[in-house]
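The sequence shown begins at 39 in the numbering used here and counts up one residue at a time.
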Amino acid sequence: DAEKSVADFKMYDPETLVDPHEFWTLLRDTAPVHKVAEGLGFTLISRYADVQQVLLDPDTFRNKVSGHFASQTSPHPESPAVAEVMKNACPYRDVLGFGDGEAHATHRRMVRSGFTTRRVRQLEDFVATTVDELLDEMVTGEPVDFMKGFCKRLPILMIGEILGVEKEREADVYRWATSLMARAAQPRETEEENLQIARDVVELHQYVYQAVAERRENPRDDFLSELVANSDGVDEHELVQICSQLILAGADTTIGWLGTIFNLLLEHPDQMAQLRDDPSLIPNAIEEALRLESVIKTIYRVTSREVEIGGTIIPADTLCIPLLPSADRDESVFPDAETFNIHRQGARRHMAFGFGTHLCAGIELARAEARIALTKVLERTSSITRVEGEPLPKYTPDFTVRVIDRLPIILQPA
């Protein structure tokens, strides 16, 4: 084989989307700041130090990228019919992940006010109970799809709990979360699919408007009431967009992360055995899984001025993608970076949760969710094995996140 070069890769090729690591390694080694002509003409930033520079300088690398997108909520043009449906959605606002400066600080304070120590503890209790309920159905010694029956359900039930959605509406929350994610990614093949996605988003927004109004009238002891109580100077539309982003943040990322952790441990049974023997290693194992297979592939920034990164001049008004998962395999920061090692020193230096002012607002909760899940699964099983004859899980060809499609396993009861 002739040596591959960066030019041999297309960002949107299904093969590159399913396994981008070869492309990212080439970028780090040969073109750490690389402009691609595809799509909206991104500049890809792939080394740890450079990604860190981007994330630590929000004045230069702005989050407000919606003006660069074809429609305000999607990087891609949409049909008139879809645009018509979206007229009933919440008007677009640049919040949280897409906000900057003072407004972003306000929104972030508001969200953090909901994640009080007491609230996080309550939610941890909810996670523990829910994990047990889900495992009652899964730990049978029979083949199950752990992705479908556990990894996809726990985060959705958690989001439902945070937003006060009735448990029996779990399927709705899953549909809303999936459609929100789809709006942020490539459009689907058919007009009907894109229309259904738009209708789901509108339905979610209407639900949140109603829930917010109810909490104003009759506050409850829940996260959403806390959010509403701390929302001085934030309009209803911003509140709805903030809740939508929390759903986005809590769904696909956590679903992907849980799948990745269990899949990596199945690939490294010796390390899974070490976790059974010494559960105190679990928190670092979780961080190492995040480092090696960071879920979020694509975040956007746009330059407010000309700036130099890694010796390359980037003009003002350039759309950049700091590649978090590529930074997390930078050998200069993580020696032997391709290797999964639950004992790795400094695994927590990864950027899977972002970095700087936009560090994930629910970071403690996400860590707790994964820690409780892994601890309980190991406690309640004597062994976890793949199902013989089933193909290995594959990552889905998604531009924004890295999530495995399925995880067929057998959980033997302890």
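Every residue, glycine too, gets a C-beta built ideally from N, C-alpha and C.
Is residue i helix, strand or coil by DSSP?
| i | result |
| --- | --- |
| Arg-440 | coil |
| Asp-449 | According to the sequence displayed, residue 449 carries Leu and not Asp. The answer is strand: DSSP assigns Leu-449 an E or B state. |
| Lys-186 | helix |
| Ile-351 | strand |
| Glu-326 | helix |
| Arg-66 | helix |
| Tyr-50 | coil |
| Pro-181 | strand |
| His-72 | strand |
| Tyr-338 | coil |
| Arg-424 | strand |
| Arg-191 | helix |
| Tyr-130 | coil |
| Glu-175 | helix |
| Phe-164 | helix |
| Leu-430 | coil |
| Arg-343 | coil |
| Arg-409 | helix |
| Arg-418 | helix |
| Thr-291 | helix |
Kindly indicate which residue of the options has the alpha-carbon position closest to the one of residue i.
| i | options | result |
| --- | --- | --- |
| Gly-79 | Val-425, Glu-407, Thr-438, Val-340 | Val-340 |
| Gly-384 | Ser-364, Glu-325, Arg-156, Arg-409 | Glu-325 |
| Val-123 | Thr-154, Phe-393, Glu-199, Val-239 | Val-239 |
| Pro-435 | Leu-64, Val-44, Glu-41, Tyr-50 | Tyr-50 |
| Ala-408 | Trp-295, Arg-424, Thr-377, Val-425 | Trp-295 |
| Thr-395 | Leu-65, Val-92, Val-44, His-59 | Val-92 |
| Thr-423 | Asp-163, Met-176, Gln-160 | Met-176 |
| Val-120 | Ser-342, Ala-143, Ala-236, Asp-368 | Ala-236 |
| Asp-259 | Leu-201, Leu-445, Ile-334 | Leu-201 |
| Leu-412 | Ile-299, Ile-442, Lys-432 | Ile-299 |
| Val-246 | Gln-283, Thr-54, Val-44 | Gln-283 |
| Thr-63 | Lys-42, His-275, Thr-336 | Lys-42 |
| Arg-159 | Glu-369, Ser-332, Glu-402 | Glu-402 |
| Leu-161 | Met-185, Pro-129, Asp-183, Met-196 | Met-196 |
Would you call residue i buried or exposed, if buried means 16 or more other Cβ atoms sit within 10 Å of its Cβ?
| i | result |
| --- | --- |
| Leu-397 | exposed |
| Ala-404 | buried |
| Ser-84 | buried |
| Leu-242 | buried |
| Gln-110 | Per-residue confidence for Gln-110 stands at a pLDDT of 48, beneath the threshold of 50, marking its modelled position as unreliable; no derived number is given. |
| Leu-449 | buried |
| Gly-427 | exposed |
| Asn-256 | exposed |
| Gly-152 | buried |
| Asn-126 | exposed |
| Gly-179 | exposed |
| Ile-442 | buried |
| Ala-87 | exposed |
Is the stretch 266-274 close to the stretch 144-158, with three or more CB pairs under 8 Å? yes
Segments of 4+ residues assigned as alpha helix (DSSP H) that fall wholly inside the stretch 354-407: Counting whole runs of 4 or more residues, the stretch 354-407 contains the alpha helix (DSSP H) stretches 362-365.
Using 8 Å as the threshold, is the stretch 187-197 in touch with the stretch 164-173, meaning 3 or more CB pairs across them? The stretch 187-197 makes contact with the stretch 164-173, as at least three CB pairs between them are under 8 Å.
Counting pairs of beta carbons, one from the stretch 317-334 and one from the stretch 377-391, are three or more of them closer than 8 Å? yes
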